[in-house]
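> Residue numbers (this note's numbering): 702 to 1046. Positions of the beta carbon are idealized from the N, C-alpha and C atoms, including for glycine. Treat the numbers as computed from the prediction; the structure is a model and nothing was measured. Below is a structure I'd like to ask you about.
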């Protein structure tokens, strides 16, 4: 094999999130007492210490098996995170290619509940609304932190702030030129960034490592956001809700602080995901701005014949064939090339 079949995304996007999910599952599963978060922490730490002391983590066979399980689990997490975390971000802010080129710093109000046109099918619209409610409830830590820290404290501007007017104008103009050169009819609201990314990825080879790095990082952080949100939901359902309404129940402050920490970590991971999602899109746009390949028109008026001296003999306008004759000094050899004149519509 000439090329490594595993890329950076395979590790950051699949193996590491899958391994982290396995550790969290083993961490919570090692505790028998579900009423106290302290017993979970002590049992989890004891599990890791016993695994290290027994040499389980040093065995090659178990390492290979765990790596395969982590890789498969990572694929599942990546798919679920794309359905939830990435979809949530698009419903809330739109694509980065949209808010980067937005004239206003404020995203459109009520964007989360604006459904895509589904040919008037009411059932599909209802299913879409229910799914968005489920995703919003699942990512409740992100929703709460967005309302408090994102909107009130303005932290959403770290990743939703539009570009300056000069860059917006240059990017819009170059997108239109690229669409015309490719024969594509660019419509308002289309995700034309997909075309920009693939076009520049093939031509700007020196930017490929940076683009691949951004893709791997935002995939890793997207999966991490999903894992943190799942852990927060698990702690809320299993450990917090059963203690509500019980008289004389002492508040477990360690559980409260763990819940708050997980909520903050979930939102931080989400902001980091949006940061690299934005950088990935911006990198593609900047490649588009500095690329002149689609702006130049190459028109060959004749077929080139290599020679020391080239003598062109244009024919009359009424002729349908033009001839170009090249002669070489001190030689009787000549070359003649014919071509058809371009037809005018």
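1) Measuring straight from C-alpha to C-alpha, what distance separates residue 866 and residue 986?
2) Hey, quick one: how far does the alpha helix (DSSP H) through residue 914 stretch, first residue to last?
3) Using only the alpha-carbon positions, how far apart do residue 859 and residue 888 sit?
4) DSSP three-state label for residue 995, please.
5) Please check the pair residue 909 and residue 967, which I expect to be a contact at CB under 8 angstroms, by giving their CB distance rounded to whole angstroms.
6) Can you tell me whether DSSP reads residue 1017 as helix, strand or coil?
7) According to DSSP, is residue 852 part of a helix, a strand, or is it coil?
8) For residue 839, report the span of its alpha helix (DSSP H) as first-last.
9) Do you know how far the Cα of residue 882 is from the Cα of residue 965?
10) Can you grab the Cα-Cα spacing for the pair residue 721 / residue 841, in whole Å?
11) Just to confirm before moving on: does the CB-CB distance between residue 844 and residue 800 stay below 8 angstroms?
12) Run through DSSP, which three-state label would residue 885 get?
13) How many angstroms separate the CA atom of residue 820 from the CA atom of residue 812?
14) Count the other CB atoms, across all protein chains shown, that sit within 10 Å of the CB of residue 899; report buried if there are 16 or more and exposed otherwise.
15) Flag this pair as yes or no: are the beta carbons of residue 764 and residue 839 separated by less than 8 angstroms?
16) Could you say if the region 977–991 and the region 789–804 meet the contact criterion of at least three C-beta pairs nearer than 8 angstroms?
17) Give me the Cα-Cα distance between residue 892 and residue 876, rounded to the nearest whole angstrom.
18) Cβ of residue 714 within 8 angstroms of Cβ of residue 917?
By the coordinates alone:
1) 14 angstroms
2) 909–936
3) 29 angstroms
4) coil
5) Contact doesn't hold; Cβ gap of about 32 angstroms is too wide.
6) Only weak support exists for where residue 1017 lies, its pLDDT of 45 falling under 50; the coordinates are left without a value.
7) helix
8) 823–839
9) 47 angstroms
10) 21 angstroms
11) no
12) coil
13) Confidence at residue 820 is low in this model, with a pLDDT of 49, below 50, so the placement of that residue is unreliable and no value is reported for it.
14) exposed
15) no
16) yes
17) 11 angstroms
18) yes
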